[in-house]
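Colleague: With the numbering used here applied, the sequence shown covers 8 to 217.
Attaching a single structure in structure tokens format; questions to follow.
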Amino acid sequence: MKLNLSADAVLKTTRAVRKRLNLSKDVPVELLKECLNLSLQSPTASGQALTHYILIGDNERKEKIASLYRNAFEIYQKQKKTVTTHHPNQNSADRMVDSAQYLAANMHKVPWLLIPVMVGRYKTSLECASVYGSILPSVWSFMLAARERSLGTCWTTLHLMFEKEAAEVLEIPFENYTQVALIPIAFTKGTDFKEASRKDLSNFLHMETW
Ligand SMILES: Cc1cc2nc3c(=O)[nH]c(=O)nc-3n(C[C@H](O)[C@H](O)[C@H](O)COP(=O)(O)O)c2cc1C
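Put into structure tokens, the structure is as follows:
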């Protein structure tokens with residue numbers, strides 16, 4: 008199941024996978040635990056473990072979370088219509104909308120959903136930076152480890168529009184824990200993924216001063 012990709016290849020080709028999620032192939036939970044164990048190696052502020060993960064494989068529970076995601080996606084689409092119709096690269100924007108629609112319609116069929124959860128609820132920039140900074144590297148490490156094992160993932164956040172309702176479904180004490188994402192996980196259809204087209208580094212890199 009391991010692809011033996013180089014570290015650079017994993018970094019270049021870990022894409023948002025939606026249409027190429029294989030919805031009909033089971034994913035052993037042990038494989039996910041392997042990825043999660045690797046993700047625990049990522050750094051955390053003050054060495055504190057503030058990250059929890061909920062893995063959801065039960066069909067009824069997945070349907071409830073997927074339904075919240077679908078509702079949020081519909082609201083998001085209505086709001087975003089004007090933005091995506093004036094996108095500089097209309098073809099790639101259309102492809103992304105199409106792919107996002109596919110994921111919204113099929114979220115409940117994905118073998119596993121992963122929700123990373125952090126301890127506490129936060130307001131100040133320092134708190135947010137420290138706590139998100141302690142969880143997001145771990146989530147991304149999970150996604151990279153998954154890619155190496157022929158698994159596809161897609162970072163999503165839209166279900167957080169209904170975070171409280173999701174907390175009820177998952178029995179998370181809402182006042183004390185914050186959900187940060189919803190990651191669908193499945194084996195991929197094929198294992199070849201391309202490097203994404205991104206703007207040149209010169210657009211983002213400021214040498215010495217702004
Ligand atoms: C913070 C964050 C939130 C995202 N939320 C969603 C989401 O709710 N739904 C979705 O389909 N994709 C979501 N995405 C995935 C992006 O749309 C994705 O990164 C984009 O399609 C580019 O994909 P690529 O890196 O494979 O080129 C999110 C990505 C990030 C980083």
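All C-beta atoms in this analysis are idealised placements derived from N, C-alpha and C, irrespective of residue type, glycine included.
Can you list, in chain order, the residues of its chain with a C-beta nearer than 8 angstroms to that of residue 107? Leave out the 5 residues immediately preceding and following it.
Modeller: Closer than 8 angstroms at Cβ, skipping near neighbours: 25 and 80.
Colleague: Buried or exposed for residue 160, please, with buried defined as at least 16 other CB atoms from any protein chain shown within 10 angstroms of its CB.
Modeller: Buried, by the Cβ-count rule.
Colleague: Across the region 165-180 and the region 62-78, are there enough close Cβ pairs to call them in contact, namely three or more that are closer than 8 angstroms?
Modeller: Yes, the region 165-180 touches the region 62-78.
Colleague: Contact between the region 25-39 and the region 130-145: three or more CB pairs below 8 angstroms?
Modeller: No: fewer than three Cβ pairs fall under 8 angstroms.
Colleague: Can you find the residues in the same chain that come closer than 7 angstroms, C-beta to C-beta, to residue 157, ignoring five residues on each side of it along the sequence?
Modeller: If we look at residue 157 and ignore the five residues flanking it on each side, its Cβ neighbours are 8, 10, 194, 195 and 198.
Colleague: Under the DSSP definition of a beta bridge, which residues are partnered with residue 162?
Modeller: Residue 162 pairs with nothing; no bridge assigned.
Colleague: Cβ-heavy atom distance between residue 135 and ligand 1 below 7 angstroms?
Modeller: No.
Colleague: Which first and last residues belong to the alpha helix (DSSP H) in which residue 150 is found?
Modeller: First-last of the alpha helix (DSSP H) with residue 150: 132-155.
Colleague: Quick check on this structure: which residue in 180, 154, 190 and 163 has the alpha carbon closest to the alpha carbon of residue 13?
Modeller: Taking only the C-alpha atoms, the option nearest residue 13 is 154.
Colleague: Rounded to a whole number of angstroms, what is the C-alpha to C-alpha distance between residue 43 and residue 53?
Modeller: Near 20 angstroms, if we compare the C-alpha coordinates of residue 53 and residue 43.
Colleague: Mapping the DSSP letters down to three states, classify residue 38 as helix, strand or coil.
Modeller: If DSSP states are grouped into helix, strand and coil, residue 38 belongs with the helices.
Colleague: Considering Cα atoms alone, identify which of 128, 217 and 201 is closest to residue 17.
Modeller: That would be 201, whose Cα lies nearest to the Cα of residue 17.
Colleague: Taking residue 58 as part of the beta strand (DSSP E), name the residues at either end of that continuous run.
Modeller: 58-63 is the extent of the beta strand (DSSP E) around residue 58.
Colleague: Just tell me which of 150, 132, 124 and 210 has its CA closest to the CA of residue 180.
Modeller: If we check each option's Cα against that of residue 180, 124 comes out closest.
Colleague: DSSP has residue 186 in a bridge; who is on the other side?
Modeller: In the DSSP output, where bridge partners are listed per residue, residue 186 has 124.
Colleague: Are the CB atoms of residue 192 and residue 163 nearer to each other than 8 angstroms?
Modeller: No, they are not a contact pair.
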